[in-house]
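So for the sequence shown, the working numbering puts the first residue at 2; every next one is plus one. Glycine included, every Cβ here is placed at the ideal spot set by N, Cα and C.
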Amino acid sequence: MPHCQTLVIGDQRVQIASITQTLHDEIFFLQDRIALLKRQSVENSGVLITYQDLLESRISVLHWLNNYSSGAEQVTH
Numbered sequence: 002m003p004h005c006q007t008l009v010i011g012d013q014r015v016q017i018a019s020i021t022q023t024l025h026d027e028i029f030f031l032q033d034r035i036a037l038l039k040r041q042s043v044e045n046s047g048v049l050i051t052y053q054d055l056l057e058s059r060i061s062v063l064h065w066l067n068n069y070s071s072g073a074e075q076v077t078h
């Protein structure tokens, strides 16, 4: 049976793979939205800045999870 890494958030255990997939989906969505906003003739800078901030945050969390996951594998193996 494959080892599924989990992360404890509050009183819940969540699978890292599930969080990672959600982050990838959100990153793809935000990148698509940002590209769409930039192509519009009237740019909505408030929404664009918000989406860019959200994208940066999601990428940062994804990098943290990847580092956390790699470190946990080294400890358990």
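DSSP beta-bridge partners of residue i
i: Ile10; result: Gln13
Short Cβ contact (8 angstroms threshold) for residue i with residue j
i: Leu56; j: Thr21; result: no
i: Asn45; j: Leu38; result: yes
i: Ile60; j: Ile28; result: yes
i: Leu24; j: Tyr52; result: no
Proximal residues to residue i (C-beta, below 7 angstroms), its chain only, five neighbours per side dropped
i: Ser17; result: The residue you asked about is not Ser; residue 17 is Ile in the sequence shown. Same-chain partners within the cutoff: Gln6, Thr7, Leu8, Leu66 and Ser70.
i: Arg14; result: Thr7
Cβ neighbours of residue i in the same chain (closer than 8 angstroms, five flanking residues each side left out)
i: Leu63; result: Thr21, Leu24, His25 and Ile28
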